[in-house]
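> I have a structure here, written as structure tokens, and I will follow up with some questions on it.
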Amino acid sequence: MLIVEDEPALLRALQINLRARGYEVATSSAGQDALVVAARQPPDAVLLDLGLPDMDGTELIRKIRTWSSVPVIVLSGRAGSGDKIRALDAGADDYVTKPFAMEELLARLRAALRRDAHVAAGSTFTVGSCQIDLAAHTVSRAGLDGTEPVRLTKTEWRMLEVLLQAPGRLVPSAKLLAELWGPGAEDNTHYLRFHMARLRRKLEDDPARPRHLLTEPGMGYRYQPPARRTA
Ligand code: CA
7 MLIVEDEPAL LRALQINLRA RGYEVATSSA GQDALVVAAR QPPDAVLLDL
57 GLPDMDGTEL IRKIRTWSSV PVIVLSGRAG SGDKIRALDA GADDYVTKPF
107 AMEELLARLR AALRRDAHVA AGSTFTVGSC QIDLAAHTVS RAGLDGTEPV
157 RLTKTEWRML EVLLQAPGRL VPSAKLLAEL WGPGAEDNTH YLRFHMARLR
207 RKLEDDPARP RHLLTEPGMG YRYQPPARRT A
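So for the sequence shown, my numbering puts the first residue at 7; every next one is plus one.
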């Protein structure tokens, strides 16, 4: 959990309450620093003050959203709805208005984490004769003698996860690179080609003619789900 808040008393209160409930907490009191902290250790949720000393909170949300779908809850010090709308449009998941009751914030946080787990669980996916279960973190290949497990490296998993979560959609190389190696890795597209080739060898029935893990030259990659059978 990452808390971004420049008011020391509130930051401390949040930190104490969240730690008391078993959350691991990292803190930051400025936008630039928060980006560094989030890239170093991707948080499972972000609590974010909109009024930061070096950056508007909305701007920070946009930057986080270029590489992460982590739940973001805004702590808004402003009563007007304009800021909340801008924050939600930038990619925030929810907000509370200061001063807020700690219990309400915690309930909203639990709800956001539940929604995120639900999305992440998103059932199983098919690549050729392989079944991928993201929630169980398993891949099995169907063969003549039944199914056998396929082992993926951590990087291959993460790459596959990002692609499967956007079925049929183009995932830009820059987004994949940032998801895998954090901001600043945008030029290393050869890493992607290397790991994608390995993924195809493990998952595609004919790696030389991939049908599901597709390259969009000069743009990125796409997971093409199998065509739906019509009854
Ligand atoms: Ca503030």
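Just so it is clear, CB atoms sit at the ideal spot from N, CA and C, and this is done for glycine as well. Every value quoted in this text rests on a predicted model; they were computed, and no experiment measured them.
Count the C-beta pairs between the region 64–78 and the region 91–99 that are closer than 8 angstroms, then say yes if the count reaches three, no if not.
Yes, they touch.
> Under the assumption that ASP60 contacts ALA36 (Cβ atoms under 8 angstroms), give the Cβ distance between them as a whole number of angstroms.
Confirmed, Cβ separation roughly 5 angstroms.
> Using beta-carbon positions only, say whether HIS218 and GLY134 come within less than 8 angstroms of one another.
The answer is yes: Cβ separation under 8 angstroms.
> Cβ of GLY57 within 7 angstroms of any heavy atom in ligand 1?
Under cutoff, so the answer is yes.
> Closer than 7 angstroms by C-beta to LEU205: which residues in its own chain qualify, once you throw out the five before and the five after it? Chain order, please.
Correct list, in chain order: GLU162, MET165, LEU166 and LEU219.
> Report yes if the CB atom of ASP50 is closer than 8 angstroms to the CB atom of LEU119, and no otherwise.
Yes, the pair counts as a contact, with Cβ atoms nearer than the cut-off.
> Taking only three categories from DSSP, how would you classify PRO232?
Reduced to three states, the DSSP call for PRO232 is coil.
> Please report the residue range of the alpha helix (DSSP H) in which GLY37 lies.
Segment 37–46, the alpha helix (DSSP H) holding GLY37.
> Among residues of its own chain, excluding the 5 on either side of PRO77, which ones have a beta-carbon nearer than 6 angstroms to its beta-carbon?
Same-chain partners within the cutoff: ALA51, ASP99, ALA118 and ASP122.
> For ALA26, count neighbouring C-beta atoms within 10 Å of its own C-beta (all shown protein chains included) and say buried if the count is 16 or more, exposed if not.
So ALA26 counts as exposed.
> Is GLY86 a contact residue of ligand 1, with contact defined as CB to any heavy atom under 7 angstroms?
No, ligand 1 has no heavy atom inside 7 angstroms of this Cβ.
> Would you mind giving the Cβ-Cβ distance between ALA40 and LEU8, rounded to the nearest angstrom? I have them listed as a contact below 8 angstroms.
Yes, ALA40 and LEU8 are in contact; Cβ-Cβ is about 7 angstroms, under 8 angstroms.
> Going by the beta-carbon positions, is the gap between LEU81 and GLU11 smaller than 8 angstroms?
Yes, Cβ-Cβ distance for LEU81 and GLU11 is below 8 angstroms.
> Whole angstroms is fine: what's the gap from ASP211's alpha carbon to LEU182's?
Looking at the two C-alpha atoms, the distance is approximately 24 angstroms.
> Just to confirm the assignment, what range does the alpha helix (DSSP H) spanning SER87 have?
Per DSSP, SER87 belongs to the alpha helix (DSSP H) from 87–96.
> Of the residues GLY190, LEU111, LYS104 and MET108, which one's Cα is nearest the Cα of GLY57?
Here the closest residue by C-alpha is LYS104.
> Please list the terminal residues of the continuous beta strand (DSSP E) segment that includes LEU54.
Note, LEU54: beta strand (DSSP E), 52–55.
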